[in-house]
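S.K.:
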Amino acid sequence: MDTSTAGELGDFLRSRRARIQPEEVGLPGHGRRRVPGLRREEVAQLAGVSVDYYIRLEQGRSPSASDAVLDAIGRVLRLDDTERQYLRTVARPAARRTSAAGPADRKVRPGLRLLLDAMEKVPAFVLGRRMDVLAWNALGDAVVGFSQMPPEERNMPRQVFLNPQARELYPDWPAVAAETVAYLRLDAGSHPRDKQLATLVGELSLGSEDFRRLWADHQVKEKTYGAKRMRHPVAGELTMPYETLTVSGEPDQMLVVYTPEPGSRTADRLALLASWTASPAV
């Protein structure tokens, strides 16, 4: 396991230990502690493994940890399903995809582009690795403005953290920012040697104190479904539920579709926006 991979695993486990108080797991909480949360020996005791083994795991020196061990540690650290899968991914570097995405990974199939065009009443777009925006439909462009961005800036984390207008576009910006970083961290766990991702994280870290803080928190989250509020400069405030679907045959691509409730104020405003917009799909 290389040093960057080992550091990622160790940082994740330490961050999860820090959020659990001894009293929560039936241990005495008295006594002086140098760091918050559980000690390494306490995690080992509760998980039923030796202290030496747990230390080696946290240091990235046990690349073949069993499912039983990782599940026990996940139970002690109260990991959710996404965090448990992330732990398995970063703890077993041999099983992770390590190649950086190339031009082929950025291609969107013609059939998927036709599907985007057919979605005339809902905003939709395709995300690739690192949350790069690969394609969109006319209404998606009208809502987010992808076609107005330079190609190298068509990336959701860049827009959330480096675009000064993002906080105006997203009234709930802190929640959007946290969700964005949590998904990017999940992507990083599956592609530990992706130089483009490392460059992106470096750029965001230099440009945003908020990103640095959130990245250091090691939260991970799947991008599945939810809702976002957006404050559009023309259409006004929009409440946008969304669904995220993995593209069949393209595991690194996701189709994101905003699904406003029919007859809602948001649906009416989107219909009006669509009537004002004649932007072609990319």
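In terms of our numbering, the sequence shown is residues 5 to 286.
Virtual Cβ for every residue (Gly too), placed ideally from N, Cα, C.
Fair warning: this is a prediction, and the values are worked out from it, not measured in the lab.
How long is the line joining the alpha carbons of Gly14 and Glu265, rounded to whole angstroms?
M.R.: For the purposes of this step, residue 14 is taken as residue 10 along the sequence shown, with counting starting at 1. For the purposes of this step, residue 265 is taken as residue 261 along the sequence shown, with counting starting at 1. Whole-angstrom Cα-Cα distance: 43 angstroms.
S.K.: Going by DSSP in three states, Glu241 sits in which element: helix, strand or coil?
M.R.: Here residue 241 is taken as the residue at index 237 of the sequence shown, counted from 1. Three-state result, Glu241: strand.
S.K.: Between Glu226 and the rest of its own chain, which residues show a CB-CB distance below 8 angstroms, the 5 nearest in sequence each way excluded?
M.R.: Along the sequence shown, read from residue 1 onward, the residue named residue 226 stands at position 222. Result list for Glu226: Thr86, Tyr187, Leu190, in chain order.
S.K.: If you compare alpha carbons, which of Val137, His222, Lys232 is closest to Asp176?
M.R.: Taking the sequence shown and counting its residues from 1, the one referred to as residue 176 is at position 172. For Asp176, the nearest C-alpha among the options comes from Lys232.
S.K.: Counting pairs of Cβ atoms below 8 angstroms between the segment 69–88 and the segment 46–60, do you hit three or more?
M.R.: Verdict: yes, contact present.
S.K.: Measure the Cβ-Cβ separation of Leu166 and Leu116 and say whether it is below 9 angstroms.
M.R.: By one-based count along the sequence shown, residue 166 stands at place 162. By one-based count along the sequence shown, residue 116 stands at place 112. Not closer than 9 angstroms, so no.
S.K.: Does DSSP put Thr93 in a helix, in a strand, or in coil?
M.R.: Start at 1 with the first residue of the sequence shown, and residue 93 comes out as number 89. Reduced to three states, the DSSP call for Thr93 is helix.
S.K.: Could you check the C-alpha separation between Gly52 and Pro67 for me, to the nearest Å?
M.R.: Position 48 of the sequence shown, counted from the first residue, corresponds to residue 52. Position 63 of the sequence shown, counted from the first residue, corresponds to residue 67. Their backbone Cα atoms lie some 18 angstroms apart in a straight line.
S.K.: Among Asp136, Ala278, Lys125, Thr93, which one has its Cα closest to the Cα of Lys111?
M.R.: Working through the sequence shown from its first residue, we reach residue 111 at position 107. Measuring from the Cα of Lys111, the nearest candidate turns out to be Asp136.
S.K.: For Arg113, which of Gln257, Gly267, Thr270 has the nearest alpha-carbon?
M.R.: Taking the sequence shown and counting its residues from 1, the one referred to as residue 113 is at position 109. Of the candidates Gln257, Gly267, Thr270, the one whose C-alpha sits nearest the C-alpha of Arg113 is Gln257.
S.K.: Please return the same chain residues whose Cβ sits closer than 8 angstroms to the Cβ of Val205, not counting the five positions on each side in sequence.
M.R.: On the sequence shown, position 201 is the one that residue 205 refers to. Excluding positions up to five away in sequence, the list reads Leu188, Ala192, Trp219.
S.K.: Please report the Cβ distance between Val260 and Thr248, rounded to the nearest whole angstrom; I am assuming they are in contact, meaning their Cβ atoms lie under 8 angstroms.
M.R.: Counted from its first residue, the sequence shown places residue 260 at position 256. Counted from its first residue, the sequence shown places residue 248 at position 244. At roughly 5 angstroms, the Cβ-Cβ gap stays under 8 angstroms, so Val260 and Thr248 are in contact.
S.K.: Could you give the first and the last residue of the continuous beta strand (DSSP E) run that contains Gly230?
M.R.: If you number the sequence shown from 1, residue 230 lands on position 226. Residues 229–236.
S.K.: Any chance you could list the alpha helix (DSSP H) runs of at least 4 consecutive residues sitting entirely within the segment 112–189, in chain order?
M.R.: Segments of the alpha helix (DSSP H) lying fully in the segment 112–189: 114–122, 142–148, 160–166, 170–173.
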